[in-house]
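260 is the number that the working numbering gives to position 242 of the sequence shown; each next residue is one higher, with no gaps.
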Amino acid sequence: MTIDDAPRDALRGGPRELLRWVATGAAVSRADLSRLSGLSPSTVSQRVEALISQGLLEETGAGRSRGGRRPRQLAVPTGGAVVGAIDLGAHHARVGALDLSGRVVQARTLPVRIEDGPEAVLGTLLAEVATLVGDDPVAPADGSAAGALRGIGIGIPGPVQHATGRIVSPSRMPGWNGFDVAAFCAGRVDVPVIVDNDANLMALGAHRTAHPELDHAVYIKAGTGIGSGVISSGRLHRGAQGSAGDISHCRVVADPAPPCTCGNAGCLEAVASGAALVTALRGQGVAVSDLTGVIRLIDDGDRQATALARQAGRAVGEILAVVVNFFNPQVVAIGGRLADCEPLLASMRATLYERCLPLATQTLLIERVAAGQDVGITGAAHLVIDHVVAAA
Ligand SMILES: [Zn+2]
Numbered sequence: 019m020t021i022d023d024a025p026r027d028a029l030r031g032g033p034r035e036l037l038r039w040v041a042t043g044a045a046v047s048r049a050d051l052s053r054l055s056g057l058s059p060s061t062v063s064q065r066v067e068a069l070i071s072q073g074l075l076e077e078t079g080a081g082r083s084r085g086g087r088r089p090r091q092l093a094v095p096t097g098g099a100v101v102g103a104i105d106l107g108a109h110h111a112r113v114g115a116l117d118l119s120g121r122v123v124q125a126r127t128l129p130v131r132i133e134d135g136p137e138a139v140l141g142t143l144l145a146e147v148a149t150l151v152g153d154d155p156v157a158p159a160d161g162s163a164a165g166a167l168r169g170i171g172i173g174i175p176g177p178v179q180h181a182t183g184r185i186v187s188p189s190r191m192p193g194w195n196g197f198d199v200a201a202f203c204a205g206r207v208d209v210p211v212i213v214d215n216d217a218n219l220m221a222l223g224a225h226r227t228a229h230p231e232l233d234h235a236v237y238i239k240a241g242t243g244i245g246s247g248v249i250s251s252g253r254l255h256r257g258a259q260g261s262a263g264d265i266s267h268c269r270v271v272a273d274p275a276p277p278c279t280c281g282n283a284g285c286l287e288a289v290a291s292g293a294a295l296v297t298a299l300r301g302q303g304v305a306v307s308d309l310t311g312v313i314r315l316i317d318d319g320d321r322q323a324t325a326l327a328r329q330a331g332r333a334v335g336e337i338l339a340v341v342v343n344f345f346n347p348q349v350v351a352i353g354g355r356l357a358d359c360e361p362l363l364a365s366m367r368a369t370l371y372e373r374c375l376p377l378a379t380q381t382l383l384i385e386r387v388a389a390g391q392d393v394g395i396t397g398a399a400h401l402v403i404d405h406v407v408a409a410a
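Here is the structure:
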């Protein structure tokens, strides 16, 4: 299935915006919503009633009175595990059940063998989502609709064609090329399933958690692979097909230029991803088997590993400088397992300042993604919530 990106929410006071104001605490009443949106009280009331009837908003207790009857307060129902989320990585998957505000109710990490293929891997993860949602400790005992699953969001560590939910030429996912994730899942669950790439989900999760007030942001995900997600005018920017932000195969200055999985040489992914660091260290005779080993060496101050991390940071900085000059974001944040790697971050930052226009960096925030291991499933949940609200 496709995501409903109906332009109606571009209008001020669309259902998604109303819900977001309530979720963030900017509005607690119909009057607040009317003031923020500029819509008439009757239009706001109509939209609020629709959201309440869909179970997306609820009225609680009584707010503060400004004379006369005390207004009832609006809130987003919390506590119910009603959104399923899967953040698939190369070796692990984070699976969660979240509530309508995007808060994690339950989550766990499962080991994954991506080479087992999409049917086996996704089958296991969908079963885990069902278990987590079924185990919801705060589900209504009467089994009412408030506790029912609304949808599942899935993040894939490779390119996803946005309109179809199909995976297209992923680097390290043998057997997954062309696989229709959305159709496979639709045959197994009877709720909407929304598929996106992992960097977009990280971007959405981090943006909604840390900087929902900023309109323009770029999020780099640096782990085994490397990619980015772009927030433009407050929304995830996917481009025509869904490949916007995919910086993995942008060429960087590297001598010699290492070969890339795409068939070219000198791609960012072949120089600066976790997988590239493992390959490069092995090529220098260092016995290291995975990214965890590389990070340990860097933390221990190993000379070769640190030099490679600096080179990776410069490469990320070079590409990011082009992105920042072109796009002029308010914040650039780096997440993924390499984000805690100090030498990489320091050289990325230095290159960025060196290569960017002063006007682009004057007020630019450069930071780490702070939301931790649940940032991907949080983004996945927000994809689903936005879809459910738009459909309502
Ligand atoms: Zn490449």
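By construction, the Cβ of each residue, glycine as well, lies at the ideal position given by its N, Cα and C atoms.
So who's on the other strand from residue i, going by DSSP bridges?
{"i": "Ile352", "result": "Ile238, Arg386"}
{"i": "Asp214", "result": "Gly173"}
{"i": "Glu67", "result": "Answer by DSSP bridge pairing: none, since Glu67 is not bridged."}
{"i": "Ala93", "result": "Glu76"}
{"i": "Ile185", "result": "Val178"}
{"i": "Arg168", "result": "DSSP lists no partner for Arg168."}
Flag this pair as yes or no: are the beta carbons of residue i and residue j separated by less than 8 Å?
{"i": "Tyr237", "j": "Ala262", "result": "no"}
{"i": "Ile403", "j": "Gly31", "result": "no"}
{"i": "Gly102", "j": "Ala115", "result": "yes"}
{"i": "Ala339", "j": "Leu219", "result": "no"}
{"i": "Leu92", "j": "Val151", "result": "no"}
{"i": "Pro136", "j": "Trp194", "result": "yes"}
{"i": "Ser291", "j": "Gly331", "result": "no"}
{"i": "Leu106", "j": "Ile170", "result": "no"}
{"i": "Ala389", "j": "Gln72", "result": "no"}
{"i": "Ile3", "j": "Ala221", "result": "Outside the shown range of the chain (19 to 410) lies residue 3, about which nothing can therefore be said."}
{"i": "His225", "j": "Gln348", "result": "no"}
{"i": "Leu286", "j": "Ile265", "result": "yes"}
{"i": "Leu51", "j": "Val94", "result": "no"}
{"i": "Val18", "j": "Asn215", "result": "The first residue shown for the chain is 19 and the last is 410, placing residue 18 beyond what the model contains."}
{"i": "Leu57", "j": "Val100", "result": "no"}
{"i": "Arg367", "j": "Ile384", "result": "yes"}
{"i": "Ala378", "j": "Val334", "result": "no"}
The alpha helix (DSSP H) spanning residue i covers which residue range?
{"i": "Glu372", "result": "360–373"}
{"i": "Asp105", "result": "That residue, Asp105, is in no alpha helix (DSSP H); its beta strand (DSSP E) goes 101–106."}
{"i": "Glu76", "result": "Taken as a continuous stretch (DSSP letters only), Glu76 belongs to no alpha helix (DSSP H), being part of the beta strand (DSSP E) at 76–78."}
{"i": "Ala398", "result": "393–409"}
{"i": "Ala378", "result": "376–379"}
{"i": "Pro33", "result": "33–41"}
{"i": "Asp320", "result": "Neither: Asp320 is in no alpha helix (DSSP H) and is coded neither H nor E."}
{"i": "Ala49", "result": "48–55"}
Helix, strand or coil: how does DSSP classify residue i here?
{"i": "Leu338", "result": "helix"}
{"i": "Val199", "result": "helix"}
{"i": "Ala305", "result": "coil"}
{"i": "Arg112", "result": "strand"}
{"i": "Asn343", "result": "helix"}
{"i": "Ser58", "result": "coil"}
{"i": "Val209", "result": "coil"}
{"i": "Ala44", "result": "coil"}
{"i": "Arg30", "result": "coil"}
{"i": "Arg332", "result": "helix"}
{"i": "Gly311", "result": "helix"}
{"i": "Met191", "result": "coil"}
{"i": "Ala163", "result": "Low confidence applies here, because Ala163 scores a pLDDT of 43, under 50, leaving its location unreliable and the question unanswered by this model."}
Less than 7 Å separating the Cβ of residue i from some heavy atom of ligand 2?
{"i": "Thr242", "result": "With respect to ligand 2, the structure shown offers nothing to examine, as its ligands consist of ligand 1."}
Of all the CB atoms in chain B, is at least one closer than 8 Å to the CB of residue i?
{"i": "Arg314", "result": "Going by chain labels, chain B is absent from the structure shown, which holds only one protein chain."}
**Study point:** Runs of beta strand (DSSP E) wholly within the region 222–301 (minimum 3 residues, chain order)
**Key:** 235–240, 244–250
Check your understanding: Taking only runs of the alpha helix (DSSP H) that begin and end inside the region 114–161, which ones reach a length of at least 4 residues, in chain order?
Key -> 136–152
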